[in-house]
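Take a look at the structure set out below.
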Amino acid sequence: MKLVFASANLHKVREASEILGGDFEVLSAAEAGVTEDIPETGDSFRANSLQKAKFIHERTGMDCFADDSGLEVEILGGQPGIYTARYGGPARRAEDNIAKLLREMSRREFEASIMREFEIRTPHATRRARFRTSVTLILNGETIFFDGTMEGRIARIPSGTGGFGYDPVFIADAYPDVTVAQLPEDTKNAISHRGNALRAMAKYLKERNL
Numbered sequence: 000m001k002l003v004f005a006s007a008n009l010h011k012v013r014e015a016s017e018i019l020g021g022d023f024e025v026l027s028a029a030e031a032g033v034t035e036d037i038p039e040t041g042d043s044f045r046a047n048s049l050q051k052a053k054f055i056h057e058r059t060g061m062d063c064f065a066d067d068s069g070l071e072v073e074i075l076g077g078q079p080g081i082y083t084a085r086y087g088g089p090a091r092r093a094e095d096n097i098a099k100l101l102r103e104m105s106r107r108e109f110e111a112s113i114m115r116e117f118e119i120r121t122p123h124a125t126r127r128a129r130f131r132t133s134v135t136l137i138l139n140g141e142t143i144f145f146d147g148t149m150e151g152r153i154a155r156i157p158s159g160t161g162g163f164g165y166d167p168v169f170i171a172d173a174y175p176d177v178t179v180a181q182l183p184e185d186t187k188n189a190i191s192h193r194g195n196a197l198r199a200m201a202k203y204l205k206e207r208n209l
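One point on numbering: in numbering that gives the first Met the number 0, the residue at position 1 of the sequence shown is 0, and numbering is uninterrupted.
As structure tokens, this is what we get:
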């Protein structure tokens with residue numbers, strides 16, 4: 000089955016193709032003839048995912064899917080959230096995003112320690128975090144949503160060269176001794192937020208014999 004992935008991120012397109020398996024041919028937006036910037040101006044992961052899927056479907060008429068994913072860090076009140084990809088600036092460079100994330104977390108931890116020193120009640124500083132994704136599938140004009148999460152915590156320094164984005168500083172609960180960037184790609188895909196959502200989508204499609 001041929002599906003267009005509403006993404007220009009080749010890392011994500013390859014990851015999606017590997018997760019979905021040989022029953023599906025995953026095309027990037029460019030391979031489907033869409034070279035315009037895909038908008039994402041929604042106020043939630045689901046809203047952005049739906050906006051991107053509609054954008055591709057309106058221009059190609061093909062069955063397609065889109066995802067919007069992000070990192071939610073407890074000590075930052077759920078940030079960077081929908082701004083995950085551009086947290087460190089408009090260039091969307093992973094190293095800038097990670098640097099700002101670690102800087103902001105250190106600042107919040109320092110503030111929390113000062114408040115505790117003066118016996119000011121404050122929530123316990125925690126490095127708990129989660130990746131969250133929302134996938135929108137448009138199939139024969141019908142819209143279906145699939146969600147996935149990966150729970151974990153943020154490391155104090157980056158480690159590993161695999162994956163992309165924030166993987167060098169995210170430690171998944173399933174593998175608490177290494178960052179996601181230190182995991183083999185197939186291991187990461189087996190536990191990732193996007194993997195969980197895409198496997199749910201693949202199951203849905205196969206149950207419909209599509």
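For glycine and all other residues, C-beta sits at the position ideal for the given N, C-alpha and C.
Fair warning: this is a prediction, and the values are worked out from it, not measured in the lab.
| query | Per DSSP, residue 170 is paired with what? | reply | Residue numbering aside, residue 170 sits at position 171 when the sequence shown is read from its first letter. Per DSSP, 152.
| request: Drop a sphere of 10 angstroms on the beta-carbon of residue 191, count the other beta-carbons inside from all chains shown, and report buried for 16 or more, exposed for fewer. | output: By 1-based counting over the sequence shown, the position of residue 191 is 192. Its Cβ being crowded by 16 or more others within 10 Å, residue 191 is buried.
| query | Near residue 133, what residues of its chain come up, given a Cβ to Cβ distance below 6 angstroms and the 5 sequence neighbours on each side ignored? | reply | Locating residue 133 in the sequence shown gives position 134, counting from the first residue. 44, 45, 48, 67, 146, listed in sequence order.
| message | Within the continuous beta strand (DSSP E) that includes residue 68, where are the two ends? | response | For this step, residue 68 is matched to residue 69 along the sequence shown. From DSSP, the beta strand (DSSP E) with residue 68 extends over 63-72.
| task | Under 7 angstroms Cβ to Cβ from residue 200, same chain only, skipping five residues before and after it: list those, please. | result | Indexing the sequence shown from 1 puts residue 200 at position 201. Same-chain partners within the cutoff: 64, 134, 136, 145.
| request: Could you pull out every residue in the same chain whose Cβ sits closer than 7 angstroms to the Cβ of residue 84, ignoring the five residues on either side in sequence? | output: To locate residue 84, count along the sequence shown from 1; it is residue 85. Contacts found: 91.
| query | Mind checking residue 86: buried by the 16 CB within 10 Å criterion, or exposed? | reply | Your numbering for residue 86 matches position 87 in the sequence shown. The residue is buried, with at least 16 neighbouring Cβ atoms inside 10 Å.
| message | Which residue wins for smallest C-alpha separation from residue 171, given the options 205, 131, 204? | response | Translated into positions along the sequence shown, residue 171 becomes position 172. Checking every option, the nearest Cα to that of residue 171 belongs to 131.
| Would you call residue 113 buried or exposed, if buried means 16 or more other Cβ atoms sit within 10 Å of its Cβ? | Here residue 113 corresponds to residue number 114 of the sequence shown, with the count starting at 1. With fewer than 16 Cβ atoms within 10 Å of its Cβ, residue 113 is classed as exposed.
| request: Please determine if the segment 27-38 and the segment 6-16 are in contact, where contact requires at least 3 C-beta pairs separated by less than 8 angstroms. | output: yes
| said: Please report whether the beta-carbon of residue 193 lies at a distance below 8 angstroms from any beta-carbon of chain C. | reply: Going by chain labels, chain C is absent from the structure shown, which holds only one protein chain.
| said: Measuring only the C-alpha atoms, how far is residue 151 from residue 164? | reply: Taking the sequence shown and counting its residues from 1, one reaches residue 151 at position 152. Taking the sequence shown and counting its residues from 1, one reaches residue 164 at position 165. Using only the alpha carbons, I get a separation of about 15 angstroms.
| query | With C-beta atoms as the reference, is residue 81 less than 8 angstroms away from residue 69? | reply | The residue given as residue 81 occupies position 82 in the sequence shown. The residue given as residue 69 occupies position 70 in the sequence shown. Yes, Cβ-Cβ distance for residue 81 and residue 69 is below 8 angstroms.
| In this structure, does DSSP put residue 95 in helix, strand or coil? | The sequence position of residue 95 within the sequence shown is 96, counting from 1. Helix, per DSSP.
| task | Report yes if the C-beta of residue 203 is less than 7 angstroms from at least one heavy atom of the ligand SAM; otherwise report no. | result | Ligands displayed in this structure: none; no statement on the ligand SAM is therefore possible.
| In whole angstroms, what is the alpha-carbon distance linking residue 94 and residue 208? | Locating residue 94 in the sequence shown gives position 95, counting from the first residue. Locating residue 208 in the sequence shown gives position 209, counting from the first residue. Taking the straight line from one Cα to the other gives about 42 angstroms.
| said: Suppose contacts are defined by Cβ-Cβ distances below 8 angstroms. Is residue 156 in contact with residue 107 by that definition? | reply: Counted from its first residue, the sequence shown places residue 156 at position 157. Counted from its first residue, the sequence shown places residue 107 at position 108. Cβ atoms of residue 156 and residue 107: not closer than 8 angstroms.
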